[in-house]
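Novice: Residue numbers (this note's numbering): 544 to 1046. Where is the CB? At the ideal position from N, CA and C, for every residue including glycine. First the structure, which I've put down as structure tokens, then a few questions once you've had a look.
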Amino acid sequence: MLPLLTAQDTRKADAYTIKHEPISSVDLMERAGKAFVGWFINHFPDKKQGITVYCGTGNNGGDGLAIARMLDQHKYQKIKVVIARFSKKSSADFDVNFERLISAGINYTELLPGSSPLPEDKGQIIIDALLGSGLNQPLAGDYARLVKHLDGLGKTVVAVDVPTGLFTEGEIPTDALVLKADLVITFQQAKLTFLLPESGPYINCWEAVNIGLDEGFIQSLHSPYQFTEEKDIRQMLKPRQRFSNKGTYGRALLIAGQPETMGAALLSASGCAYAGAGLTTACVPESGLTALNTSQPEIMAIVRKGKKQPEILWEKYSAIGIGPGLGKDKDALDLLTALFKNYKKPVVIDADALNLLSDNLKLLKKIPAESILTPHVKEFDRLFGAHTSWWARIQTAITKAAEYQIYILLKNNYTIVATPGGKVYFNSTGNPAMATGGMGDVLTGILTSLLAQKYTPQQACIIGAYIHGKAGDELALPNRMEVVLPGKLAQQLPITIARLKAV
């Protein structure tokens, strides 16, 4: 897993690397500049386009000066440097790079406090190196005025490490003043706020470049925040053994569907089967049996007849998922209550089952230990109270996962898994083409399938979120698809899983 660091932890990693590599701080800045420029020149190869580098006088500005010098060395012909000297203070490494800029013969312009009018910028690209990860208060004064000016120019903005004005962790105010970036080239790993929806208006996309901070020390910080990578999934996935049989891969039960919502039941059952469960059973209303047999004859059925509760041999099943399309009537509540009373292994709780929990909060204490809750944002807030930010939701998820000894999989562009042990895992796969009804039902089936195959609940959450998103990526991205339908994604799962195991 790739640890995600707070600004304070990043400073510790910088200091440790400088002391123990050893390397001087200005040489580490030089390395960061080279990493930035290496990525930049591969994606902006036109050396005749105008580029203006806006620099503050701290270390982020020092990065910008180094980048401007390196771009000049790479024969970019129209490099312009603007230094915002809104303070008499400057960092030592900024000063070194300022002298190097002068020695390289690169012209620069300085903006002083109250500078007016602000300069016209004829370049096509703005490189934002004004303020970095040390920011701890909203922009004001000259910086606020400059950012508003640059935002209004309509240029392509490439931010160095962090867009000016954006906090790297914590809540992002709804009225935050941030220099909007088309691209952020960030150092070592993504900043936490990049992975939250509130950053969407300010960052179109980001890329992380390795600057050689000490990986052993970073791991030793034991960050509670982790970013899942493909290599992690490959290490967790189990091969299917040559002499195995359907019993080897578990019996999974999905309790789902009403007569008018059988689609949700079918999708969750399909996701379960395609993700590899040996035997999949769907507990569905009698009127949905024909649809189940027609669309997915591999799925067995337990039929719910009228108001009568079905007879379920609970101990027979390796894993159970409940909720997709189940409804919120008394019969659905009775089923959920019976599940918690009779089944003590971890279960997957989604959709209407989550809504039943939010209406009957006393049931939270009845959930089997290490169960998996899979809310989207509205379901999460109904369960745990209204929140004003995603950062606040993460903190609540950490608290509630520990309190109830459950896993909370909070759906998001970077789906978030909070564990009973206080860890938070951000998923790295998925795309907007997957934003369509029924995707969560397939995910419920995947998670139930993985539990049936004897993955731990934590492994099921991490693997399930990853392969769900990866299957969507494999369908959407190569084919430039605008929409990926959940049924197609379920069918893609065996291909996706096999590719991951084959690497």
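Go ahead and label residue 1016 buried or exposed: buried means 16 or more other beta carbons lie within 10 angstroms of its beta carbon, across all protein chains shown.
Specialist: The residue you call residue 1016 lines up with position 473 of the sequence shown. Buried is the call here.
Novice: Taking 8 Å as the threshold (C-beta atoms), are residue 870 and residue 893 in contact?
Specialist: Residue mapping note: residue 893 aligns to position 350 of the sequence shown, counting from 1. Residue mapping note: residue 870 aligns to position 327 of the sequence shown, counting from 1. It is not a contact, given that the beta carbons lie outside the stated cut-off.
Novice: What is the rounded straight-line gap between the Cα of residue 805 and the Cα of residue 857?
Specialist: In the sequence shown, residue 805 corresponds to position 262, counting from 1. In the sequence shown, residue 857 corresponds to position 314, counting from 1. For residue 805 and residue 857, the distance between alpha carbons rounds to 22 Å.
Novice: First and last residue of the alpha helix (DSSP H) that includes residue 555?
Specialist: Counted from its first residue, the sequence shown places residue 555 at position 12. It spans 550-563 - the alpha helix (DSSP H) in which residue 555 sits, taken as one unbroken run.
Novice: Excluding the 5 residues preceding and the 5 following residue 563 in the sequence, name in chain order all residues of the same chain whose CB lies nearer than 7 Å to its CB.
Specialist: Sequence index remark: in the sequence shown, residue 563 carries index 20 (1-based). Closer than 7 Å at the Cβ level, and outside the excluded window around residue 563, lie 757.
Novice: Following the continuous beta strand (DSSP E) through residue 890, name the residue where it begins and the one where it ends.
Specialist: Working through the sequence shown from its first residue, we reach residue 890 at position 347. Per DSSP, residue 890 belongs to the beta strand (DSSP E) from 890-892.
Novice: Considering only residues of the same chain and omitting the five flanking positions on each side of residue 720, which have a CB-CB separation below 8 Å?
Specialist: By 1-based counting over the sequence shown, the position of residue 720 is 177. Cβ within range, chain order: 681, 682, 687, 690, 691 and 708.
Novice: Which same chain residues, not among the five before or five after residue 984, have their C-beta less than 6 Å away from its C-beta?
Specialist: Looking up residue 984 in the sequence shown gives position 441. Excluding sequence neighbours, residue 984 sits near 807, 810, 811 and 867.
Novice: Which parts of the segment 963-1020 are runs of the alpha helix (DSSP H), unbroken and 4 residues or longer, counting only runs that do not cross its ends?
Specialist: Qualifying alpha helix (DSSP H) stretches, in chain order: 982-995 and 1000-1019.
Novice: Per the contact definition of three or more C-beta pairs closer than 8 Å, is the segment 741-756 in contact with the segment 962-973?
Specialist: Segments in contact, no.
Novice: Cβ of residue 558 within 8 Å of Cβ of residue 813?
Specialist: Walking along the sequence shown from the start, residue 558 turns up at place 15. Walking along the sequence shown from the start, residue 813 turns up at place 270. No, the Cβ-Cβ distance between residue 558 and residue 813 is not below 8 Å.
Novice: For the beta strand (DSSP E) that residue 960 lies in, which residues bound it at each end?
Specialist: Translated into the one-based positions of the sequence shown, residue 960 becomes position 417. Run containing residue 960: 959-961, per the beta strand (DSSP E) assignment.
Novice: When DSSP labels each residue in this structure, what does residue 572 get in the three-state scheme?
Specialist: Residue mapping note: residue 572 aligns to position 29 of the sequence shown, counting from 1. Correct three-state label for residue 572: helix.
Novice: In chain order, what residues of the same chain have a beta carbon less than 8 Å from the beta carbon of residue 706, not counting five sequence neighbours either side?
Specialist: Position 163 of the sequence shown holds residue 706. 671, 700, 721, 722, 723, 724, 727, 745 and 746.
Novice: Out of 657, 613, 1010 and 661, point me to the one whose CA is closest to residue 648's CA.
Specialist: For the purposes of this step, residue 648 is taken as residue 105 along the sequence shown, with counting starting at 1. The shortest C-alpha separation from residue 648 is found at 613.
Novice: When you compare each of 635, 583 and 621 to residue 604 by their alpha carbons, which one comes out closest?
Specialist: Within the sequence shown, the letter at position 61 stands for residue 604. The candidate whose alpha carbon is nearest that of residue 604 is 635.
Novice: Output the residue ranges of the alpha helix (DSSP H) runs that lie fully inside the segment 680-704 and measure 4 residues or longer, sorted by chain position.
Specialist: With a minimum length of 4 residues, the continuous alpha helix (DSSP H) runs that stay inside the segment 680-704 are 684-694.
Novice: When the Cα atoms are used, what is the spatial distance from residue 644 to residue 546?
Specialist: In the sequence shown, the residue the question calls residue 644 occupies position 101. In the sequence shown, the residue the question calls residue 546 occupies position 3. Whole-angstrom Cα-Cα distance: 35 Å.
Novice: Rounding to the nearest angstrom, what Cα-Cα distance links residue 887 and residue 790 in this structure?
Specialist: Within the sequence shown, residue 887 is the residue found at index 344, counting from 1. Within the sequence shown, residue 790 is the residue found at index 247, counting from 1. Looking at the two C-alpha atoms, the distance is approximately 21 Å.
Novice: To the nearest angstrom, how far is the alpha carbon of residue 733 from that of residue 826?
Specialist: Residue mapping note: residue 733 aligns to position 190 of the sequence shown, counting from 1. Residue mapping note: residue 826 aligns to position 283 of the sequence shown, counting from 1. Their Cα atoms are separated by approximately 42 Å.
Novice: Compute the Euclidean distance between the alpha carbons of residue 852 and residue 878, then round it to the nearest angstrom.
Specialist: Here residue 852 is taken as the residue at index 309 of the sequence shown, counted from 1. Here residue 878 is taken as the residue at index 335 of the sequence shown, counted from 1. One C-alpha to the other measures close to 7 Å.
Novice: Check this for me: beta carbons of residue 999 and residue 864, under 8 Å apart or not?
Specialist: Position 456 of the sequence shown, counted from the first residue, corresponds to residue 999. Position 321 of the sequence shown, counted from the first residue, corresponds to residue 864. Their beta carbons are not under 8 Å apart, which means residue 999 does not touch residue 864 by this criterion.
Novice: Starting from residue 625, follow its DSSP beta bridges and name the residues at the other end.
Specialist: The residue you call residue 625 lines up with position 82 of the sequence shown. Partner(s): 597 and 652.
Novice: Is the beta carbon of residue 816 closer than 8 Å to that of residue 855?
Specialist: Here residue 855 is taken as the residue at index 312 of the sequence shown, counted from 1. Here residue 816 is taken as the residue at index 273 of the sequence shown, counted from 1. No; because the gap between Cβ atoms is not below 8 Å, this pair is not in contact.
Novice: Alpha carbon to alpha carbon, what distance is there between residue 668 and residue 583?
Specialist: Looking up residue 583 in the sequence shown gives position 40. Looking up residue 668 in the sequence shown gives position 125. Distance between the alpha carbons of residue 583 and residue 668 is about 11 Å.
Novice: What are the start and end residues of the alpha helix (DSSP H) that includes residue 1039?
Specialist: Here the question's residue 1039 lines up with position 496 in the sequence shown. 1029-1045 is the extent of the alpha helix (DSSP H) around residue 1039.
Novice: Less than 7 Å between C-beta atoms, sequence neighbours within five positions excluded: which residues of the same chain meet that for residue 1039?
Specialist: Within the sequence shown, residue 1039 is the residue found at index 496, counting from 1. Closer than 7 Å at Cβ, skipping near neighbours: 1010, 1013, 1014 and 1017.
Novice: Assuming residue 817 is part of the alpha helix (DSSP H), what are its boundary residues?
Specialist: Position 274 of the sequence shown, counting from 1, holds the residue named residue 817. 805-817 is the span of the alpha helix (DSSP H), which, as asked, contains residue 817.
Novice: Is the number of C-beta pairs between the segment 772-786 and the segment 592-608 that are closer than 8 Å three or more?
Specialist: Judged by Cβ distances under 8 Å, the segment 772-786 makes no contact with the segment 592-608, as fewer than three pairs qualify.
Novice: Just how far apart, CA to CA, sit residue 956 and residue 650?
Specialist: For the purposes of this step, residue 956 is taken as residue 413 along the sequence shown, with counting starting at 1. For the purposes of this step, residue 650 is taken as residue 107 along the sequence shown, with counting starting at 1. When rounded, the distance between both Cα atoms is 42 Å.
Novice: Give the DSSP-derived three-state secondary structure of residue 718 in the structure shown.
Specialist: The residue given as residue 718 occupies position 175 in the sequence shown. Residue 718 falls in the coil class under three-state DSSP.
Novice: Can you list, in chain order, the residues of its chain whose CB lies under 8 Å from that of residue 694, leaving out five sequence neighbours each side?
Specialist: Counting from one through the sequence shown, the residue named residue 694 turns up at place 151. Only 722 and 723 meet the Cβ criterion.
Novice: In the DSSP assignment, what are the bridge partners of residue 770?
Specialist: Start at 1 with the first residue of the sequence shown, and residue 770 comes out as number 227. Residue 770 is bridged to 545 and 969.
Novice: Over the uninterrupted beta strand (DSSP E) stretch that includes residue 844, give me the two end residues.
Specialist: Working through the sequence shown from its first residue, we reach residue 844 at position 301. Taken as a continuous stretch (DSSP letters only), the beta strand (DSSP E) holding residue 844 covers 843-847.
Novice: Under 6 Å Cβ to Cβ from residue 1027, same chain only, skipping five residues before and after it: list those, please.
Specialist: Indexing the sequence shown from 1 puts residue 1027 at position 484. Contacts found: 976, 977, 1015, 1018 and 1019.
Novice: Based on the DSSP output, what are the partners of residue 749 in its beta bridges?
Specialist: Translated into positions along the sequence shown, residue 749 becomes position 206. Residue 749 pairs with 727.
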